[in-house]
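Protein chains: 2
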Amino acid sequence: MRFQLLLTGNEIMSGDTVDSNSSMIAQRLLREGYWIDRKVTVGDDMQELVDEINSISKDSDVLIVNGGLGPTIDDLTAEALAQAAGVELVEHADAKHHVVTWCEGRGFTANQANLKQAILPEGVSLLDNTVGSAVGFALTLNDCLVMCTPGVPSELRAMLDNAVVPMLSTHYPVGHAPQILRYQTFGLGESGAQQMLDDAYPDWPDNIEIGFRAGAPMLEMKLRVDPSCSDEQRDHWEAKFLEVIGSYVVGRDETRLPQAIVQSLTERGQQIALAESCTGGLIASMITSVPGSSVVFEAGIVSYSNAIKQSQLGVSEQTLSQFGAVSEQCVLEMAAGVLAISNADYAVAVSGIAGPDGGTDQKPVGTVWIAWGKKGKLKAREFNYPVNRSMFQTIVSALALDLVRREILELPEEPAYFQRWTRKT
Amino acid sequence: MRFQLLLTGNEIMSGDTVDSNSSMIAQRLLREGYWIDRKVTVGDDMQELVDEINSISKDSDVLIVNGGLGPTIDDLTAEALAQAAGVELVEHADAKHHVVTWCEGRGFTANQANLKQAILPEGVSLLDNTVGSAVGFALTLNDCLVMCTPGVPSELRAMLDNAVVPMLSTHYPVGHAPQILRYQTFGLGESGAQQMLDDAYPDWPDNIEIGFRAGAPMLEMKLRVDPSCSDEQRDHWEAKFLEVIGSYVVGRDETRLPQAIVQSLTERGQQIALAESCTGGLIASMITSVPGSSVVFEAGIVSYSNAIKQSQLGVSEQTLSQFGAVSEQCVLEMAAGVLAISNADYAVAVSGIAGPDGGTDQKPVGTVWIAWGKKGKLKAREFNYPVNRSMFQTIVSALALDLVRREILELPEEPAYFQRWTRKT
């Protein structure tokens, strides 16, 4: 069974609008077990639309067209489908009733432009729009079910539930959808993770596909479990998978580092405080992006100047003059300092050189010292991540959070990135 | 001239990832005067890719392929292009050198998977990747220039500037591209800005098109100047444009609020300090994202708990008990407090209710007090922006920066959002 999408809109082609509708359609259909094979996007151009509807319908079982149902002159979908199918455009009584009622409900009378939305190709079935004025419509063309849906996301969402999925499941009862297990990991690259799994399990089964989605600084890993796989098989291989990369797994589904930290601290009734230099508040902002973080987050000091490191965090003048702000001694004093002024259980302190300026031979751009841990049991380590400023701040913030995550969870294993992200001298 | 895009990735087809790359490509090329006519997206499937490359290249002058350059087995672009072009996959010395050097720079040795990225179709030209390990590559097939680019957005962005646009402008010099003047604005909506311009200049010329791109919290406005427009005409109407919306213009091109603040403070030799509660470090992190910000940014205190507001910022116990943490008195004391512990000229302090919990009848979710200004001349104001937590933090951070921007620049005008974002009681 072959599914395709056809999207239309000049605002998508120009890039003014990022198309999230096709993601919504794909995710909704995937829940029913339908996979979309191909997607074509064109501007508001009649000939392009007619050609695409013709050629895609010859090559698919289902074509979902999205956009171009509105009242304005650049909304061409109805006419394009009529041309492709070789039928007339006619007024549909039910569609007109919907438009008129919808306008009345909003206290005005349907005008010419509104009523255009009831002029549809002859012979279509209507797809109810519970949110907006434009009904959707469907037609079988070249043995392909062509369904035309609105571009307004809220209208599309409702129509998928109320009309598209019910019609699809009548036409194409679903066999079995693949199950997708998702994990957010930190500290592994795609090739490294693949290598670890290949080495440990060369006999990995074909019906559990391992997938990756790189989204620096996290790497999302997925197990796509084919319906041919039994629950026992799935659980067996998931356990193997976690045996290999488990300590790098921050959470399932959408649980990334900030959510994982807030969750684990909340469960333990503990708190964290931060002393940031080169990350400039990014770590604090990541934690406080999580609803409910006020329970676990006490304070963050963004000590950008040396004066503030001394006055607010109690870093000694001698440390700064002897070792500099980017040093083991300094981050340990910063971490101890923020623990002293707060009631937090854990602290993280970060000082490094984000660049582009400020590097030296001894401490090049990309150098960072991180201190983390509990009062009286602080650790510190130097890392080196020579990338652009923005990426450096992103990676270092995630790294700092991962170090404290491992500490909170008392993971014994030393992560591979201890070696990889250390500067070789 | 016909341009097409081909995107590949199961994560896009499944809807796990919303494709923003094609928008980035379209916008970048549009600035050079190139319009993309059609876009096709398929999963990581060799046959689909080969078929698309073949058929699109026969129907286009330029095909930009995006995605599938990575090191893993589902990265198929190089092989698909080789099959489509009927050439061998061979190791490219320059590409290998790039991969090896890139890995070395990160302190590890390139493995098999990394080196796969140097195995490319015979005869391609390389497109330099200044950010990541995978080089891009280009080949002429069926008289169509096929350019393969990486799916990682930061790598794609750099490659568009450094390699794709230069190669395109060599192959297809643009005749008369429209000139696009871009402005980053804060505090206006699309329809509001359009209305202001319509009211002031009903005779706005047709050959200078006003465009918008909403990207909360900023609104990008564009003047698309047709080649038929003389330089004098352009300057005349740009001046009119700025007369109407000038105080809302934060900067040109990519200059958004943090860059504008850092630049104006640097020019004046002044500094800023921050006291953040509900924004949780986001304002500090926005400022410190700007290279060179250490010259103007002294310190930020993320005072999430009341205890820290008292101990670090000197907010009085009485203020907290009498007026609460979200109050005019509290933010004024926070701002005065952070000025007292730093040498900064300007301060901003923010305290509000980001939600989803913590709201009351008197102070519902979305309420925020902001104090800003110079020592001894602090102002404070209440705003209300009842949106979700993440959007609230984003908007409030931008709002706080815009207030201090107006103060630094000594703009006399009161922005329209003083009225719009105030809670009506």
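Protein chains in written order, with numbering that gives the first Met the number 0: chain L, 0 to 424; chain Y, 0 to 424.
We treat Cβ as the ideally placed atom computed from N, Cα and C, and that holds for glycine.
Any C-beta of chain Y sitting closer than 8 Å to the C-beta of residue i?
{"i": "Tyr303 (chain L)", "result": "yes"}
{"i": "Glu253 (chain L)", "result": "no"}
{"i": "Ser293 (chain L)", "result": "yes"}
{"i": "Trp236 (chain L)", "result": "no"}
{"i": "Gly336 (chain L)", "result": "no"}
{"i": "Met390 (chain L)", "result": "yes"}
{"i": "Asp205 (chain L)", "result": "no"}
{"i": "Gly313 (chain L)", "result": "no"}
{"i": "Asn383 (chain L)", "result": "yes"}
{"i": "Met45 (chain L)", "result": "no"}
{"i": "Trp420 (chain L)", "result": "yes"}
{"i": "Gln262 (chain L)", "result": "no"}
For residue i, does the three-state DSSP call read helix, strand or coil?
{"i": "Glu412 (chain L)", "result": "coil"}
{"i": "Trp236 (chain L)", "result": "helix"}
{"i": "Glu87 (chain Y)", "result": "coil"}
{"i": "Tyr247 (chain L)", "result": "helix"}
{"i": "Glu219 (chain L)", "result": "strand"}
{"i": "Gly268 (chain L)", "result": "coil"}
{"i": "Gln3 (chain L)", "result": "strand"}
{"i": "Val337 (chain Y)", "result": "helix"}
{"i": "Ala324 (chain L)", "result": "coil"}
{"i": "Asp230 (chain Y)", "result": "helix"}
{"i": "Thr421 (chain L)", "result": "coil"}
{"i": "Thr393 (chain Y)", "result": "helix"}
{"i": "Ser310 (chain L)", "result": "helix"}
{"i": "Glu332 (chain L)", "result": "helix"}
{"i": "Ser293 (chain L)", "result": "helix"}
{"i": "Glu316 (chain Y)", "result": "helix"}
{"i": "Asn458 (chain Y)", "result": "Because chain Y is modelled from 0 through 424, residue 458 (chain Y) falls outside the range shown and cannot be assessed."}
Between residue i and chain L, is any beta-carbon pair separated by less than 8 Å?
{"i": "Ser326 (chain Y)", "result": "no"}
{"i": "Lys38 (chain Y)", "result": "yes"}
{"i": "Ser66 (chain Y)", "result": "The residue you asked about is not Ser; residue 66 (chain Y) is Gly in the sequence shown. Cβ-Cβ to chain L under 8 Å: no for Gly66 (chain Y)."}
{"i": "Val330 (chain Y)", "result": "no"}
{"i": "Thr71 (chain Y)", "result": "yes"}
{"i": "Met195 (chain Y)", "result": "no"}
{"i": "Glu90 (chain Y)", "result": "no"}
{"i": "Ala259 (chain Y)", "result": "no"}
{"i": "Leu29 (chain Y)", "result": "yes"}
{"i": "Val17 (chain Y)", "result": "yes"}
{"i": "Thr7 (chain Y)", "result": "no"}
{"i": "Thr134 (chain Y)", "result": "The identity of residue 134 (chain Y) in the sequence shown is Val, whereas the question assumes Thr. Judged by the 8 Å Cβ criterion, Val134 (chain Y) is not in contact with chain L."}
{"i": "Leu281 (chain Y)", "result": "yes"}
{"i": "Gly323 (chain Y)", "result": "no"}
Quick one: is residue i buried, meaning 16 or more other Cβ sit within 10 Å of its Cβ, or exposed?
{"i": "Asn342 (chain Y)", "result": "exposed"}
{"i": "Arg267 (chain Y)", "result": "exposed"}
{"i": "Ile282 (chain Y)", "result": "buried"}
{"i": "Ser190 (chain Y)", "result": "exposed"}
{"i": "Val296 (chain Y)", "result": "The question names Val, but residue 296 (chain Y) in the sequence shown is Phe. Classification of Phe296 (chain Y): buried, given that the 10 Å Cβ count is 16 or more."}
{"i": "Phe391 (chain Y)", "result": "buried"}
{"i": "Gln270 (chain L)", "result": "buried"}
{"i": "Gly280 (chain Y)", "result": "buried"}
{"i": "Thr366 (chain L)", "result": "buried"}
{"i": "Lys38 (chain Y)", "result": "buried"}
{"i": "Gly131 (chain Y)", "result": "buried"}
{"i": "Pro257 (chain L)", "result": "buried"}
{"i": "Glu231 (chain Y)", "result": "exposed"}
Sort out for me which residues DSSP pairs residue i with in a bridge.
{"i": "Cys102 (chain Y)", "result": "BP columns for Cys102 (chain Y) are empty, so no partner."}
{"i": "Lys376 (chain L)", "result": "L:Lys373"}
{"i": "Trp368 (chain L)", "result": "L:Ser350, L:Glu381"}
{"i": "Ser302 (chain Y)", "result": "L:Ala298"}
{"i": "Glu275 (chain L)", "result": "L:Val301, L:Val349"}
{"i": "Gly214 (chain Y)", "result": "Y:Met217"}
{"i": "Val224 (chain Y)", "result": "Y:Gln178, Y:Ile207"}
{"i": "Ile118 (chain L)", "result": "L:Glu90"}
Exercise for review: Ignoring anything shorter than 3 residues or poking outside the segment 121-203 of chain L, list the beta strand (DSSP E) runs there in chain order.
Suggested key: Within the segment 121-203 of chain L, the complete beta strand (DSSP E) segments of 3 residues or longer fall at 124-126, 135-140, 143-148, 178-185, listed in chain order.
Point to revise | Within the segment 9-95 of chain L, ranges of the alpha helix (DSSP H) (whole runs, at least 4 residues) | key: 9-12, 20-30, 45-57, 76-84
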